[in-house]
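Numbering (this note's numbering), first residue to last: -19 to 229.
Even for Gly, the Cβ is constructed at its ideal location relative to N, Cα and C.
The structure displayed is predicted, hence computed values, not measured ones.
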Amino acid sequence: MPFQKVFTAQQLNALLITLELAPNEEAQVKLKIEVVLSSVNSIYSEAVDLTVTPYPALSDISTTWGIVGDATPNGWGGLDVPFYKTDIDNVFAAYVHLIDGEIKFRENNDWTVNYGDTGVDGTLEGGGDNIVVTAGTYYITMNLNNLTYTLESSTEDIWGLVGDATPNAWDGPDWTLYPAGNDIYVTYVDLINGQIKFRLNNDWGVNYGDTGVDGTLEAGGDNIDITVEGKYKITMDLFNQTYTLELIP
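Listed below in structure tokens is the structure:
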């Protein structure tokens, strides 16, 4: 059977974005296949002309802020758990599993700008004391308008990304997806070439892949290939059992 490679609309659009083509404008591209045979020079097929119209990446709800500490999945030295934008300017939120320990909030995975709570009064101070937490699942908000924060115990299940294309590879902890409502979950993440899957609560008991490379989620399905490195917006729609991968320029 001849080799076939199928691209979803989202995957093709991600490639077009890397070419810096203008969204919503028709463009001409050429497609050809490169065959690499060990150390022998590459062989190329004849070019095929395509007319394409890229669409813009979805709105960006990512922020430069995150949660760090020995109570978080990545400890003091790993990538911070990301905060996401809410419908209020400068108020950010995150869902996260925590263990007994301490946390702080900081910008750009760096200590230049960080906040703690000196006085344990729910008020943030620049460079303030570590915030002591007990084990549990939390909904955390940070309000930069009045420099306050909240920690609310949550029974929300947490979906995440796992795989060698993600920052924490197959061993996890998983990269958290943020619940956006109506069984839709979203995250922003830097991915490398490799594979990913979706799973619940850092465990393989409930996981989804894509068998058929058609943008449809199947329980226990095949790993999802990531062939273009970069920052992605990833959306998982559990109601429709679909997902999208949007490469952000």
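By alpha-carbon positions, which one of Y165, V113, T196 ends up nearest to A51? Proximity to A51 across Y165, V113, T196 peaks at V113, based on C-alpha coordinates.
Tell me the rounded alpha-carbon separation between V9 and I23. Answer to the nearest angstrom: the Cα atoms are 20 Å apart.
Cα-Cα, which of P34, L(-1), D69, T224 is closest to I164? For I164, the nearest C-alpha among the options comes from T224.
On the DSSP bridge assignment, give the partners of N187 in chain order. According to DSSP, N187 bridges with R179.
Along the chain, which unbroken stretches of the alpha helix (DSSP H) at least 4 residues long are found entirely within the segment 103 to 175? Correct list: empty.
Starting from Y64 and walking both ways along the beta strand (DSSP E), at which residues does that stretch end? From DSSP, the beta strand (DSSP E) with Y64 extends over 61 to 65.
Hey, I214 and G174 are a contact pair by Cβ (cut 8 Å); roughly how many whole angstroms apart? I214 to G174, Cβ: 14 Å. No contact.
From Y78 to T222, what distance separates their C-alpha atoms? Position check: residue 78 holds Leu in this sequence, whereas Tyr was assumed. Rounded to the nearest angstrom, the two C-alpha atoms are 29 Å apart.
For I68, the three-state DSSP class (helix, strand or coil): Correct three-state label for I68: coil.
Determine the contact status of Y64 and I138, defining contact as a CB-CB distance below 8 Å. Not in contact: Y64 and I138 (Cβ atoms no closer than 8 Å).
So which of F178, V208, G192 has the shortest CA-CA distance to D217? The option with the nearest alpha carbon to D217 is F178.
To the nearest angstrom, how far is the alpha carbon of Y118 from that of T135? Taking the Cα positions, Y118 is about 8 Å away from T135.
Going along the chain, which residues of its own chain have a beta-carbon closer than 6 Å to the beta-carbon of W45, five neighbours each way excluded? Excluding sequence neighbours, W45 sits near F63, F72, E87.
Can you tell me where the beta strand (DSSP E) holding A7 begins and where it ends? Run containing A7: 7 to 11, per the beta strand (DSSP E) assignment.
Which of helix, strand or coil does DSSP assign to N(-7)? Three-state DSSP puts N(-7) in a helix.
Can you give me the Cβ contacts of Y168 inside the same chain, cut-off strictly under 6 Å, excluding the 5 residues immediately before and after it? Taken in chain order, the residues that qualify are S42, K213.
Taking the beta carbon of F85 as the centre, do at least 16 other beta carbons fall within 10 Å, making it buried, or is it exposed? Looking at its Cβ environment, which holds 16 or more other Cβ atoms inside 10 Å, F85 is buried.
When you compare the CB positions of K211 and D183, do they come within less than 8 Å of one another, or not? D183 sits away from K211, with the two beta carbons spaced by 8 Å or more.
Spatial neighbours of G102 in its chain, beta-carbon cut-off 8 Å, leaving aside the 5 residues before and after: Excluding positions up to five away in sequence, the list reads T128, Y129, T130.
Neighbour-count burial assignment, A145, 16 or more Cβ in a 10 Å radius: Per the 10 Å Cβ criterion, buried.
State the beta-bridge partners of S42 as determined by DSSP. Its beta-bridge partners are Y64.
Residues of its chain near L11, where Cβ-Cβ distance is below 6 Å and the 5 sequence neighbours each way are ignored: Contacts found: V28, L30.
Tell me, which residues are paired with F85 by DSSP? DSSP lists I47, Y95 as partners of F85.
Can you give the beta carbon distance from T196 to D190, rounded, assuming they're within the 8 Å contact cut? Rounded, the Cβ-Cβ distance is 6 Å, consistent with contact.
Which residues share a DSSP beta bridge with E198? Answer is G189, bridged to E198.
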